[in-house]
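Remarks on the structure that follows.
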Amino acid sequence: MKNDNDDFHKEISFLKSEINRSLKKILVKSEPKYLYDPIKYSINNSGKRLRPILVFLSGKLFNANVSDLMKAAVAVELLHIFTLIHDDIMDDDDIRHGKPSLHKKWDISTAILSGDAIFTLAQLAINSLDKNTYSRLNEISLSVCEGQALDKEFENDTSISMDKYLDMIAKKTGSLLGLCSELGAIVSEQEIDIRTTLYSFGVNLGLAFQIQDDYLEIFGEPELMGKSLGSDIHSGKQTAMTILARNMNEKEWIRLNSKKTDLQGYKNFFLENRIDHEIKKLVEYYINKTSKSIEFVKSSENNFLDDFSNYILNRRY
Numbered sequence: 122m123k124n125d126n127d128d129f130h131k132e133i134s135f136l137k138s139e140i141n142r143s144l145k146k147i148l149v150k151s152e153p154k155y156l157y158d159p160i161k162y163s164i165n166n167s168g169k170r171l172r173p174i175l176v177f178l179s180g181k182l183f184n185a186n187v188s189d190l191m192k193a194a195v196a197v198e199l200l201h202i203f204t205l206i207h208d209d210i211m212d213d214d215d216i217r218h219g220k221p222s223l224h225k226k227w228d229i230s231t232a233i234l235s236g237d238a239i240f241t242l243a244q245l246a247i248n249s250l251d252k253n254t255y256s257r258l259n260e261i262s263l264s265v266c267e268g269q270a271l272d273k274e275f276e277n278d279t280s281i282s283m284d285k286y287l288d289m290i291a292k293k294t295g296s297l298l299g300l301c302s303e304l305g306a307i308v309s310e311q312e313i314d315i316r317t318t319l320y321s322f323g324v325n326l327g328l329a330f331q332i333q334d335d336y337l338e339i340f341g342e343p344e345l346m347g348k349s350l351g352s353d354i355h356s357g358k359q360t361a362m363t364i365l366a367r368n369m370n371e372k373e374w375i376r377l378n379s380k381k382t383d384l385q386g387y388k389n390f391f392l393e394n395r396i397d398h399e400i401k402k403l404v405e406y407y408i409n410k411t412s413k414s415i416e417f418v419k420s421s422e423n424n425f426l427d428d429f430s431n432y433i434l435n436r437r438y
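Mapping of the sequence shown onto this note's numbering: position 235 corresponds to residue 356, and the numbering continues sequentially without gaps.
Structure representation (structure tokens):
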């Protein structure tokens, strides 16, 4: 008898392989090399492909057209890559997926141009689909930009509350995952209430994902994360970890930040104040919300969305 978990992981592996194949197919040009070499570098610097996989898992609920799903999946992955390139420039991050970030391997001008071209490729990928798909991609692109703007505004601002932080990551991270889960319903021409429900699923998944990312940025393994740890704290970013730390033991947190504290010092503080436990509870809260939002498809034999949520919950990078 098959193990459901085995079925899920086989599905994920298969979809990732197909998505990677489709991404390579869009790279039909190679000149000018100034543009296309860094584009190929970014696209081939393979991440987890979680977002396009989610497009497929959502679409399978409604037996959506596979070719249309692939166009939508490629578009959201390209949009995601575009945001990472610009994020790395704005945050001056050296490493992405264990390799030099684009602006470090080349330069800032090259990275900006390549990112812009990748965003254009995302638009072209869905050019033949329904106008609702095109509109939603652009609406969410703006939402992601708004979230990034808030993220930058919040740096070194110790007045930022958890509610404000959650609003910010709902835009920056949640909205794109919301789009991914909604696209399966859009492509298969589902009613607006189903689209809205799946969008909500993705947003809550995005909240869980980002809060988990905040945790892994401290307690993850550098080799798996593909980057150095602790950079968010040292750059003054507001994260779920830092906001909880400030709320639970403000005096000690201020003292800790007033001196040159290394990563282990921060780890000790988080463990002593049980902030790691609070973070895990917060992640589980949003994972549970995702599960409740898709009860209407729980009986579907094609439903891998709960498995996908748990995959996010238990990830190590």
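Cβ atoms here follow ideal geometry from the backbone N, Cα and C, with glycine treated the same way.
Under the DSSP assignment, Glu371 falls in the alpha helix (DSSP H) whose first and last residues are Glu371 to Asn378. Judged by their CB atoms, Asn409 and Leu182 are not nearer to each other than the 8 angstroms cut-off.
In the three-state scheme derived from DSSP, where H, G and I count as helix and E and B as strand, Arg170 is classed as coil. Separation of Tyr155 and Ile239 (C-alpha to C-alpha, rounded to the nearest whole angstrom) is 14 angstroms. Here the alpha carbons of Ser151 and Asp158 stand approximately 7 angstroms from one another. Shown here for Leu250: same chain residues with a beta carbon closer than 8 angstroms to its own, the five before and five after excluded, namely Asp189, Lys192, Ala193 and Val308 in chain order. According to the DSSP assignment, Leu190 belongs to the alpha helix (DSSP H) that extends over Val187 to Asp212. For the set Thr204, Ile339 and Tyr438, the Cα lying nearest the Cα of Asp383 is the one of Ile339. CA-to-CA, the gap between Arg217 and Ala329 works out to about 21 angstroms.
Between the region 349-360 and the region 373-387 there are three or more inter-stretch CB-CB distances shorter than 8 angstroms, so the stretches are counted as touching. For Phe429, the enclosing alpha helix (DSSP H) has its first and last residue at Leu426 to Leu434.
Cβ-Cβ distances below 6 angstroms link Asn370 to Asn394 in the same chain, with the five nearest sequence neighbours on each side left out; the list follows chain order. Remark: C-beta atoms of Thr241 and Arg367 do not approach each other more closely than 8 angstroms. The C-beta separation of Ser179 from Gly299 comes to about 11 angstroms, leaving the pair out of contact by the 8 angstroms criterion.
If only uninterrupted alpha helix (DSSP H) runs of at least 4 residues are considered, those enclosed by the region 231-288 are 252-275.
One Cα belongs to Thr318, the other to Leu263, and the distance between them is close to 21 angstroms. For Gly386, the uninterrupted alpha helix (DSSP H) run begins and ends at Leu384 to Glu393, by DSSP.
About 14 angstroms separates the CB atoms of Ile433 and Leu297; that is not less than 8 angstroms, and the two are not in contact. Taking a cut-off of 8 angstroms for Cβ pairs, the region 164-175 and the region 128-139 touch, as three or more such pairs fall below it.
Counting other Cβ atoms within 10 Å of its Cβ, Asp314 stays below 16 and is therefore classed as exposed. Taking C-alpha positions only, Asn184 is separated from Gly295 by approximately 25 angstroms.
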